[in-house]
Amino acid sequence: MARLVIVSNRVPVPGDRNPAAGGLAVALADAITPGSLWFGWSGARATATATRPEIRTVAGITFATLDLGETDYRRYYSGFANSTLYPLLLFRLGLVSFRKEDYVGYRAVNRAFAAALAPLLLPDDIIWIHDYHLLPLGLELRALGVTQRIGFFLHTPFVPPALFSVLPRAAELLEALCACDVIGFHTEDYRAAFCDCVTAILGIRPNADGGFLHRKRLVQVIVAPVGIDVGSFTASATRAATGAATTGLVQSLGGRQLAVSVDRLDYAKGLPNRIHALDHLLSRYPTHRKRITFLQIAAPSREELGHYRGLRRELDRAVGDINGRYSEPDWTPIRHITRPVRRTTLAGFHRRASLGVVTPFRDGMNLVAKEYVAAQNPADPGVLVLSRFAGAAEELGDALIVNPYDAEEIAEAMHRGLLMPLEERQARHAAMLARIRASSANRFCERFLAALDGAPEPTPEVS
Ligand code: GDG
Numbered sequence: 003m004a005r006l007v008i009v010s011n012r013v014p015v016p017g018d019r020n021p022a023a024g025g026l027a028v029a030l031a032d033a034i035t036p037g038s039l040w041f042g043w044s045g046a047r048a049t050a051t052a053t054r055p056e057i058r059t060v061a062g063i064t065f066a067t068l069d070l071g072e073t074d075y076r077r078y079y080s081g082f083a084n085s086t087l088y089p090l091l092l093f094r095l096g097l098v099s100f101r102k103e104d105y106v107g108y109r110a111v112n113r114a115f116a117a118a119l120a121p122l123l124l125p126d127d128i129i130w131i132h133d134y135h136l137l138p139l140g141l142e143l144r145a146l147g148v149t150q151r152i153g154f155f156l157h158t159p160f161v162p163p164a165l166f167s168v169l170p171r172a173a174e175l176l177e178a179l180c181a182c183d184v185i186g187f188h189t190e191d192y193r194a195a196f197c198d199c200v201t202a203i204l205g206i207r208p209n210a211d212g213g214f215l216h217r218k219r220l221v222q223v224i225v226a227p228v229g230i231d232v233g234s235f236t237a238s239a240t241r242a243a244t245g246a247a248t249t250g251l252v253q254s255l256g257g258r259q260l261a262v263s264v265d266r267l268d269y270a271k272g273l274p275n276r277i278h279a280l281d282h283l284l285s286r287y288p289t290h291r292k293r294i295t296f297l298q299i300a301a302p303s304r305e306e307l308g309h310y311r312g313l314r315r316e317l318d319r320a321v322g323d324i325n326g327r328y329s330e331p332d333w334t335p336i337r338h339i340t341r342p343v344r345r346t347t348l349a350g351f352h353r354r355a356s357l358g359v360v361t362p363f364r365d366g367m368n369l370v371a372k373e374y375v376a377a378q379n380p381a382d383p384g385v386l387v388l389s390r391f392a393g394a395a396e397e398l399g400d401a402l403i404v405n406p407y408d409a410e411e412i413a414e415a416m417h418r419g420l421l422m423p424l425e426e427r428q429a430r431h432a433a434m435l436a437r438i439r440a441s442s443a444n445r446f447c448e449r450f451l452a453a454l455d456g457a458p459e460p461t462p463e464v465s
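To convert, take the position in the sequence shown, counting from 1, and add 2; that gives our numbering.
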């Protein structure tokens, strides 16, 4: 049987003392079975980027990681990946900066990854590359003579040609990505935007299935929405709901309703606007004062970048302002945690929350929305308020869908959710549960790997 080789920027090695919070690791936890190899950055910085990976095997999975040199880290990770590509793919043109040396560093790290990975590959391996940090990795592997099947999955949205062509190296990057056999996206919208870019920027018109020939090789473009392991998240929420952390939280609420938001502390997640929405809710509907507690858990992320530090300050100010204006001696509207919280604890909190508020400005998918649904008690479920610009909205149309830029609209949806009759909550929840079961983490992996498995093996002379 072919071995699966996953490549991602960060590798979540079990036992890592400083794991990165994030959806990619959660999404791939199911794909990675014993016998697989996971390759990428260790998360550590050194004077120079390592040429040979450190290899560890845990529970039958081999983890091969490289430390990044300081300069490469700055140019590749903080620079081109997170200050150019990420804001661009999240539609935040105003935050995009482009520095040529960052692009050169980005390409160099992709080359270094390819050079360190190639000697580890076996002839029948299936290689699955993840996310915007590694757009040109497929090309770099092909340049070293790698002929194995290569797939690429993008965890962020993809943008239309008017935006993508803003990138000074747009054509070069698209070309490089086309060295992969299968390219996958969360939604039909992103797939269509990518195909439009291929047409507008490379002059190639994909067929109706999203396939096209590039340098005589077939490239397939597919939709594979990422999901969660619903059964295990429900079980863990059910268990955690009676555990110490959730019981302590519930007791401290004194019978008030709970609303919960959980995000990486990222400007795409729409955090300050959500806090403004709570302001609208409490001022327009004073009946909710002292009756609702809003728990915002925002795990720190990419703190070394200025925009992220600025966001943290903005959020602290907004929370402080609302708590100052509305708090009573025995009630504080917002509890604001900026530390990571254990996944099982989060599951228990979700289960006890009458409202799950997920309002990113943009999000490739957003797994928190699916986790909130999975955690609910079907007999008395809470209500999900969800941004129309999260990929998850394509599947979770039974949530209360809002425009995340409109704080008043979010407030109206929160109000409606807090008052929603049981029957309507049950019906909406049942429909959403069916959808997240149909697009589980397993299904995501199966769908992507089936497409890759069926991909014709490239011949060395045309690759
Ligand atoms: C990217 C895309 C796409 C959050 N805080 C804590 C914590 N989390 C967990 C959540 C969830 C995951 O992290 C976040 O996943 P999301 O999907 O919501 O968001 P991103 O990290 O931005 O993920 C996204 C995803 O990739 C997969 O393709 O859906 O659109 O941006 O599982 O529960 N986990 C723990 N402590 C926390 O404090 N343990």
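Beta carbons: idealized from backbone N, C-alpha and C, even for Gly.
Note that the structure is predicted; figures quoted are calculated from it, not measured.
Which full runs of the beta strand (DSSP E) of 3+ residues lie inside the stretch 18 to 74, going along the chain? 39 to 48, 56 to 60, 63 to 71
Hey, how far is the Cα of Ser356 from the Cα of Arg437? Here residue 356 is taken as the residue at index 354 of the sequence shown, counted from 1. Here residue 437 is taken as the residue at index 435 of the sequence shown, counted from 1. Distance between the alpha carbons of Ser356 and Arg437 is about 20 Å.
Buried/exposed call for Val9, threshold 16 Cβ in 10 Å: For the purposes of this step, residue 9 is identified with residue 7 of the sequence shown, where counting begins at 1. Result: buried.
Determine the burial state of Gln222: buried for a count of at least 16 other Cβ atoms within 10 Å of its Cβ, exposed for fewer. Taking the sequence shown and counting its residues from 1, one reaches residue 222 at position 220. Gln222 comes out buried.
If Ala116 and Leu143 are in contact, beta carbons under 8 Å, what's the gap, nearest whole angstrom? For the purposes of this step, residue 116 is identified with residue 114 of the sequence shown, where counting begins at 1. For the purposes of this step, residue 143 is identified with residue 141 of the sequence shown, where counting begins at 1. With 8 Å as the limit, Ala116 and Leu143 qualify as a contact, their Cβ atoms being about 5 Å apart.
My understanding is that Met422 touches Val370, with C-beta atoms under 8 Å, so please give their C-beta distance in whole angstroms. Counting from one through the sequence shown, the residue named residue 422 turns up at place 420. Counting from one through the sequence shown, the residue named residue 370 turns up at place 368. The pair is not a contact, with the Cβ atoms about 20 Å apart (cut-off 8 Å).
Have a look at His132, Pro406, Ala237, Ala27 and flag the residue whose alpha-carbon is nearest the alpha-carbon of Phe363. In the sequence shown, counting from the first residue as 1, residue 363 sits at position 361. Closest by alpha carbon: Pro406.
Just curious, the alpha helix (DSSP H) that His352 is in, first and last residue? Mapped onto the sequence shown, residue 352 falls at position 350. Here the alpha helix (DSSP H) through His352 covers 345 to 354.
How is the beta strand (DSSP E) around Asn11 delimited, first residue to last? Here the question's residue 11 lines up with position 9 in the sequence shown. 6 to 12 is the span of the beta strand (DSSP E), which, as asked, contains Asn11.
Ala401 and Met367: beta carbons closer than 8 Å? Here residue 401 is taken as the residue at index 399 of the sequence shown, counted from 1. Here residue 367 is taken as the residue at index 365 of the sequence shown, counted from 1. In this structure, Met367 does not lie closer than 8 Å to Ala401 by Cβ.
If you draw a straight line from the C-alpha of Ala110 to the C-alpha of Phe450, how long is it? Stepping through the sequence shown from its first residue, residue 110 is reached at position 108. Stepping through the sequence shown from its first residue, residue 450 is reached at position 448. Approximately 28 Å, taken between the alpha carbons.
Where does Asp126 sit, in a helix, a strand or coil, going by DSSP? Taking the first residue of the sequence shown as position 1, residue 126 is located at position 124. Three-state DSSP puts Asp126 in coil, outside helix and strand.
Confirm the yes/no value for this check: CB of His157, any heavy atom of the ligand GDG, distance under 7 Å. Within the sequence shown, residue 157 is the residue found at index 155, counting from 1. Checking the Cβ of His157 against the ligand GDG gives yes.
When burial is assigned at 16 or more other CB atoms within 10 Å of the CB, is Gln378 buried or exposed? Translated into positions along the sequence shown, residue 378 becomes position 376. Classification for Gln378: buried.
Please indicate yes or no: does the CB of Pro342 lie closer than 7 Å to some heavy atom of the ligand GDG? As a position in the sequence shown, residue 342 is number 340, starting the count at 1. True, at least one ligand heavy atom lies under 7 Å from that Cβ.
Which residues does DSSP list as the beta-bridge partners of His338? Within the sequence shown, numbered from 1, the residue matching residue 338 stands at position 336. In DSSP, His338 forms a bridge with Gln298.
Shorter than 7 Å, the distance from the beta carbon of Met434 to the closest heavy atom of the ligand GDG, or not? In the sequence shown, residue 434 corresponds to position 432, counting from 1. Not under cutoff, so the answer is no.
Measure the C-alpha to C-alpha separation of Tyr192 and Val161 and round it to an integer number of angstroms. Here residue 192 corresponds to residue number 190 of the sequence shown, with the count starting at 1. Here residue 161 corresponds to residue number 159 of the sequence shown, with the count starting at 1. Between Tyr192 and Val161, the C-alpha separation is close to 7 Å.
Hey, out of Arg319, Leu267, Tyr328, whose CA is closest to Ala300's CA? Here residue 300 corresponds to residue number 298 of the sequence shown, with the count starting at 1. Considering only alpha carbons, the answer is Leu267.
Buried or exposed: where does Gly17 fall if 16 or more other Cβ atoms within 10 Å of its Cβ makes it buried? To locate residue 17, count along the sequence shown from 1; it is residue 15. It counts as exposed.
Between Ile129 and the ligand GDG, is there a pair consisting of the residue's CB and a ligand heavy atom that are separated by less than 7 Å? Position 127 of the sequence shown, counting from 1, holds the residue named residue 129. No, Cβ of Ile129 sits at least 7 Å from all heavy atoms of the ligand GDG.
Between the alpha carbons of Leu251 and Leu139, how many angstroms are there, rounded? What you label residue 251 is simply residue 249 of the sequence shown in a count that begins at 1. What you label residue 139 is simply residue 137 of the sequence shown in a count that begins at 1. Rounded to the nearest angstrom, the two C-alpha atoms are 46 Å apart.
Pro89 beta carbon less than 8 Å from that of Ser68: Here residue 68 is taken as the residue at index 66 of the sequence shown, counted from 1. Here residue 89 is taken as the residue at index 87 of the sequence shown, counted from 1. Here residue 68 turns out to be Leu, not Ser, going by the sequence shown. Against a cut-off of 8 Å, the Cβ pair of Pro89 and Leu68 comes out as no contact.
Along the chain, where does the beta strand (DSSP E) containing Leu220 start, and where does it finish? Within the sequence shown, residue 220 is the residue found at index 218, counting from 1. Element bounds for Leu220: 219 to 225.
Nearest candidate by alpha-carbon position, reference Thr200, set Gly24, Arg101, Glu177: As a position in the sequence shown, residue 200 is number 198, starting the count at 1. Sequence check: residue 200 is Val here, not Thr. Closest by alpha carbon: Glu177.
The beta strand (DSSP E) spanning Leu388 covers which residue range? Here residue 388 refers to the residue found at position 386 of the sequence shown. Where Leu388 is concerned, the enclosing beta strand (DSSP E) stretches over 385 to 389.
Is it the case that the CB of Val15 approaches a heavy atom of the ligand FMN more closely than 7 Å? With respect to small molecules bound, the structure shown includes the ligand GDG and not the ligand FMN.
Counting along the chain, where does the alpha helix (DSSP H) carrying Gly256 start and finish? Within the sequence shown, residue 256 is the residue found at index 254, counting from 1. Looking at the DSSP string, Gly256 is not in any alpha helix (DSSP H), and its letter there is neither H nor E.
Using a Cβ-Cβ cutoff of less than 7 Å, which residues in the same chain neighbour Gly71 once the five nearest sequence positions on both sides are dropped? Numbered from its first residue, the sequence shown carries residue 71 at position 69. Excluding positions up to five away in sequence, the list reads Ala48, Thr49, Ala50, Thr51.
Could you round the C-beta distance between His282 and Glu410 to whole angstroms and report it? I think they count as a contact, below 8 Å. By 1-based counting over the sequence shown, the position of residue 282 is 280. By 1-based counting over the sequence shown, the position of residue 410 is 408. Right, the Cβ-Cβ distance comes to about 5 Å (below 8 Å), so this counts as a contact.
Could you spell out where the alpha helix (DSSP H) holding Gly419 opens and where it closes? Walking along the sequence shown from the start, residue 419 turns up at place 417. Start and end: 409 to 421.
Using only CA atoms, which one of Arg439, Ala270, Lys292 lies nearest to Leu255? For the purposes of this step, residue 255 is taken as residue 253 along the sequence shown, with counting starting at 1. If we check each option's Cα against that of Leu255, Lys292 comes out closest.
Sheet register partners of Arg266 (DSSP bridge): If you number the sequence shown from 1, residue 266 lands on position 264. Arg266 is bridged to Ala301.
Examine the ligand GDG and report whether any of its heavy atoms sits within less than 7 Å of the Cβ of Gly393. Here residue 393 refers to the residue found at position 391 of the sequence shown. Within the cutoff, so yes.
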